[in-house]
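Trainee:
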Amino acid sequence: MEQIFRAALRAPDHAWLRPWRFITIAGERRVDFGLVLERCLRQRKPEADEAALAKARNAPLRAPLLVAVVAHLSDHPKVPHYEQRLSAGCAAQAMLLAAESCGYAGIWRTGEAAFDRTVLAALGLEANEELVAFLYLGTREGAAKNVPPLDTADFVSNW
Numbered sequence: 127m128e129q130i131f132r133a134a135l136r137a138p139d140h141a142w143l144r145p146w147r148f149i150t151i152a153g154e155r156r157v158d159f160g161l162v163l164e165r166c167l168r169q170r171k172p173e174a175d176e177a178a179l180a181k182a183r184n185a186p187l188r189a190p191l192l193v194a195v196v197a198h199l200s201d202h203p204k205v206p207h208y209e210q211r212l213s214a215g216c217a218a219q220a221m222l223l224a225a226e227s228c229g230y231a232g233i234w235r236t237g238e239a240a241f242d243r244t245v246l247a248a249l250g251l252e253a254n255e256e257l258v259a260f261l262y263l264g265t266r267e268g269a270a271k272n273v274p275p276l277d278t279a280d281f282v283s284n285w
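The numbering of the sequence shown is the numbering used here, which starts it at 127 and goes up by one.
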């Protein structure tokens, strides 16, 4: 985990604001966080059926470790909030790449809970903080998902 977090700390960071922080959720705390997700879903969608509630409650149990990647936004004359969010996103991506290089698997999730201020308050986020990602990290079970190949020519052009 030290290597994975060190990779995150190398994200692009204009003015060295370090506009990110990370909250780990492991062990039994995943069960507790699942209850938070369920309760908040009930508040957002009172009509949610038991299957949706169970999915929310069990979501944190999909991996042995969740990392909430938080963008800590500061007012700065040269670094807009948008750029700070991108930096936090780069930190999340660096963590995923580092996890893979260490032999682990990871997936980036958000969903409605990532934007629910009640969920964010339960995680201890301040008014100037936003959730960028829930990273689910652990050992891969089975084969890696087949990702379709892409042609770089479809995405690169000359000016």
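Backbone N, C-alpha and C define an ideal beta-carbon position, used for all residues, glycine too. Please read these numbers as outputs of a predicted model, since none were measured by experiment.
#1: Alpha carbon to alpha carbon, what distance is there between Trp285 and Leu261?
#2: Please state whether DSSP places Trp142 in a helix, a strand or coil.
#3: Report the option in Arg266, His202, Gly264, Pro186 whose CA atom is closest to the CA atom of Asn254.
#4: Roughly how many angstroms separate the alpha carbons of Arg155 and Val162, rounded to a whole number?
#5: Can you list the beta strand (DSSP E) stretches of 3 or more residues lying completely in the segment 155-210, in chain order?
#6: With a CB to CB cut of under 6 angstroms and the five nearest residues on each side skipped, what residues in its chain are close to His207?
#7: In the DSSP assignment, what are the bridge partners of Phe281?
#8: Pairing CB atoms from the segment 260-278 with CB atoms from the segment 226-245, are three or more of them under 8 angstroms?
#9: Return the CA-CA distance between Glu256 and Ala218, expressed in angstroms with no decimal places.
#10: Hey, how far is the Cα of Asn272 from the Cα of Glu226?
#11: Candidates Leu192, Ile130, Arg132, Lys204: which alpha carbon is nearest His140's?
#12: Buried or exposed: which applies to Val145, given that a residue is buried once 16 or more other Cβ atoms fall within 10 Å of its Cβ?
#13: Within its chain, find whatever has a CB closer than 6 angstroms to the CB of Thr150; leave out the 5 residues flanking it on each side and keep chain order.
Mentor: So, from the data block:
#1: Rounded to whole angstroms, Leu261 to Trp285 spans 36 angstroms at the Cα level.
#2: DSSP, read as helix, strand or coil, puts Trp142 in helix.
#3: Considering only alpha carbons, the answer is His202.
#4: When rounded, the separation of the alpha-carbon atoms in Arg155 and Val162 is 11 angstroms.
#5: For the segment 155-210, whole beta strand (DSSP E) runs of length 3 or above, ordered along the chain, are 191-198.
#6: Once the five neighbours on either side are set aside, the close Cβ partners of His207 are Leu199.
#7: For Phe281, which the question treats as bridged, DSSP gives no partner whatsoever.
#8: Counting C-beta pairs closer than 8 angstroms gives three or more between the segment 260-278 and the segment 226-245, which meets the contact rule.
#9: Taking the straight line from one Cα to the other gives about 13 angstroms.
#10: Going from the Cα of Asn272 to the Cα of Glu226 covers about 15 angstroms.
#11: Cα-wise, what sits closest to His140 is Lys204.
#12: Sequence check: residue 145 is Pro here, not Val. So Pro145 ends up on the buried side.
#13: These residues qualify, in order along the chain: Val193.
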